Every structure is written in structure tokens, then in C-alpha cells.
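Q: Would you mind keeping the following structure in view while I ask a few things?
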Amino acid sequence: MLQLKTVHHIAIICSDYERSKAFYTDVLGCTVVLETFRAERNSYKLDLAANGTYVIELFSFPDPPARPSRPESCGLRHLAFSVDNIETSIEFLKSKGIICEPIRIDALTGKRFTFFADPDELPLELYEG
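What follows is the structure in C-alpha cells.
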């Protein structure tokens, strides 16, 4: 039987490397673990940590095709990040020009959450608790 331990990382391909790098580091507060330029692919690979845990590989490729986020379709739906205080987090994002959806309540857990988007319209969620 396969015994998964945890999610190792999430890979994201962006359309504008510098813009996405700034978003994930300056806005979301991820820290850079390693930044690599792969000349043979004309591509960057940026390893990012959230709260000290390696979590995101941000890739750039020349002219990647757009992937629709809406309407919802099969496949990866969104990334969710845990936060201690949803209002404080929303206010911070708002101060950076990021628009969040109204806070909703998870009917199963009673926890509060909201959605917003990265620079390529990838849906991101903040989940309180």
C-alpha cells in the first residue's frame, strides 16, 4: 500500500515571472528557498516557503498558454492557505490592491474563508483556523 506522508510542493507556471515573484514574496510573504535560471529552457524555477515550510515551485516559461480558472472545470481548483485572522489578512491584501470575495462560512466546519486571485487569476483561498 502506498503511504503518502504529506504534500511536498505545488507547482505554478506564471505568465510574468517578476510580477508573480513579487506577489508571492512581497504580498503573500513567502520566502525564497532557491532561485534557479535554467538557460536550456529559458525558464526560472523559484522555490518558495510559507512559514518556513517549502510549499511552492514558481516556474516561468516563454509564452505559456493561459489556463482558464472560470468557469470551474475538472482539475486543480485552487490553493488554500491557513491564516489566524481572516479580517486582518483581508485588510492586508486590500492595502496591497488585492480584492477578496466576501467572507463565507464553511457549512461543514463552521470556519471562515475567502477567495482572491494571483496575478494570473489562479484562485487562492484564505481559511481561518
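For what it's worth, this note's numbering labels the leading residue of the sequence shown as 12, then goes sequentially. Beta carbons: idealized from backbone N, C-alpha and C, even for Gly. All of these numbers come straight from a predicted model, not from anything done at the bench.
In angstroms, rounded to a whole number, what distance separates the CA positions of Tyr55 and Ala33?
A: Along the sequence shown, read from residue 1 onward, the residue named residue 55 stands at position 44. Along the sequence shown, read from residue 1 onward, the residue named residue 33 stands at position 22. C-alpha separation (whole angstroms): 14 Å.
Q: Do Ile109 and Val38 have their CB atoms nearer than 8 Å?
A: The residue given as residue 109 occupies position 98 in the sequence shown. The residue given as residue 38 occupies position 27 in the sequence shown. The answer is yes: Cβ separation under 8 Å.
Q: Just reading off the alpha helix (DSSP H) that Lys32 is part of, what are its end residues?
A: Here residue 32 corresponds to residue number 21 of the sequence shown, with the count starting at 1. Its alpha helix (DSSP H) spans residues Tyr28 to Ala33.
Q: Contact check, Arg115 vs Phe124 under 8 Å by CB: the rounded distance?
A: Here residue 115 refers to the residue found at position 104 when the sequence shown is read from its first residue. Here residue 124 refers to the residue found at position 113 when the sequence shown is read from its first residue. Confirmed, Cβ separation roughly 6 Å.
Q: From what residue to what residue does the alpha helix (DSSP H) around Ser80 run?
A: Residue 80 sits at position 69 when you count from the first residue of the sequence shown. Taken as a continuous stretch (DSSP letters only), Ser80 belongs to no alpha helix (DSSP H), as it is neither H nor E.
Q: Between Ser93 and Tyr65, how many whole angstroms is the CB-CB distance? I'm expecting something under 8 Å.
A: Mapped onto the sequence shown, residue 93 falls at position 82. Mapped onto the sequence shown, residue 65 falls at position 54. Not confirmed; about 16 Å, so no contact.
Q: What do you get for Ser71, buried or exposed, if any count of 16 or more other CB atoms within 10 angstroms of its CB means buried?
A: Taking the first residue of the sequence shown as 1, we reach residue 71 at position 60. The residue is buried, with at least 16 neighbouring Cβ atoms inside 10 Å.
Q: Please list, in chain order, all residues of the same chain as Pro73 whose beta carbon is under 6 Å from its beta carbon, the five residues on each side excluded.
A: As a working note, residue 73 is residue 62 in the sequence shown. Closer than 6 Å at Cβ, skipping near neighbours: Asn53.
Q: For Pro113 and Asp95, what's the separation of their Cα atoms in angstroms?
A: Position 102 of the sequence shown, counted from the first residue, corresponds to residue 113. Position 84 of the sequence shown, counted from the first residue, corresponds to residue 95. Each residue's alpha carbon lies about 17 Å from the other.
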